[in-house]
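What follows is one structure encoded as structure tokens, with my remarks underneath.
Residue numbers (our numbering): 11 to 176.
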């Protein structure tokens, strides 16, 4: 006979059991922790489904370390994750390298706060999406989307987030 395995069920079980350790190893391998925190690290507790829509028929899924061209990321990504209904989350998208003036600095590409229970539709965009850009001298620009659990709500700045000094 033929053994039939549901990909969705395997993925769901992997996310519950092995994903946190595997994702920690991947982030460590790609130097994400060093780029973000120098000496700190975290252990992932939720798995994110992320993709970029770039027309009505096509999208680019984000995996752990795949290459996405800036032309495929012109619109803000769609992010989905499961969470306890009352838990608050924050998403922060940054470029880890490729700062035009300061090699150790990062660009903030997107900041979404007050995400209650994974409900992105009712979250607060604290800094609007900035499409990734790639300086000519860089072959690849690393990006990181961090999803952080928190206990306080964010307030929106009235001046926006477009200045690089912010």
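Don't be surprised by glycine CBs; every beta carbon is placed ideally from N, CA and C.
In terms of alpha-carbon separation, which member of the options lies closest to residue i?
i, options, result
"residue 28", "54, 143, 120", "54"
"residue 118", "101, 31, 131", "101"
"residue 90", "49, 75, 156", "156"
"residue 88", "71, 75, 81", "71"
"residue 142", "41, 82, 34", "82"
"residue 123", "114, 115, 133, 116", "133"
"residue 144", "160, 115, 107, 112", "107"
"residue 58", "21, 116, 150, 14", "21"
"residue 140", "150, 44, 114, 86", "86"
"residue 74", "33, 151, 61, 48", "33"
Please check the pair residue i and residue j, which I expect to be a contact at CB under 8 Å, by giving their CB distance rounded to whole angstroms.
i, j, result
"residue 56", "residue 16", "21 Å between Cβ atoms; not a contact."
"residue 46", "residue 138", "Wrong, their Cβ atoms sit about 21 Å apart, outside the cutoff."
Roughly how many angstroms separate the alpha carbons of residue i and residue j, rounded to a whole number?
i, j, result
"residue 97", "residue 120", "20 Å"
"residue 173", "residue 39", "In this prediction, residue 173 has a pLDDT of 42, which is less than 50 and means its spatial position is unreliable; nothing more can be read from the coordinates."
"residue 109", "residue 135", "23 Å"
"residue 158", "residue 12", "42 Å"
"residue 177", "residue 76", "A query on residue 177 cannot be resolved here, the shown segment of the chain reaching from 11 to 176 and no further."
"residue 176", "residue 95", "Annotation note: pLDDT 39 at residue 176 (below 50); position unreliable, coordinate value reported separately. Roughly 32 Å separates the two Cα atoms."
"residue 111", "residue 42", "20 Å"
"residue 36", "residue 25", "14 Å"
"residue 103", "residue 14", "38 Å"
"residue 131", "residue 78", "24 Å"
* Touching by the beta-carbon criterion (3+ pairs, under 8 Å), the region 119-137 and the region 59-73 -> As far as the Cβ criterion goes, the region 119-137 does not touch the region 59-73, which means the pair count is below three.
* Give, in chain order, every unbroken run of the beta strand (DSSP E) that is at least 3 residues long and sits entirely within the region 71-140. => If we require 3 residues or more, the beta strand (DSSP E) runs fully inside the region 71-140 come out as 88-90, 98-105, 117-126, 134-137.
* To do: May I have a chain-ordered list of the beta strand (DSSP E) segments no shorter than 3 residues that lie completely inside the region 11-72?
  => Correct list: 59-63, 69-72.
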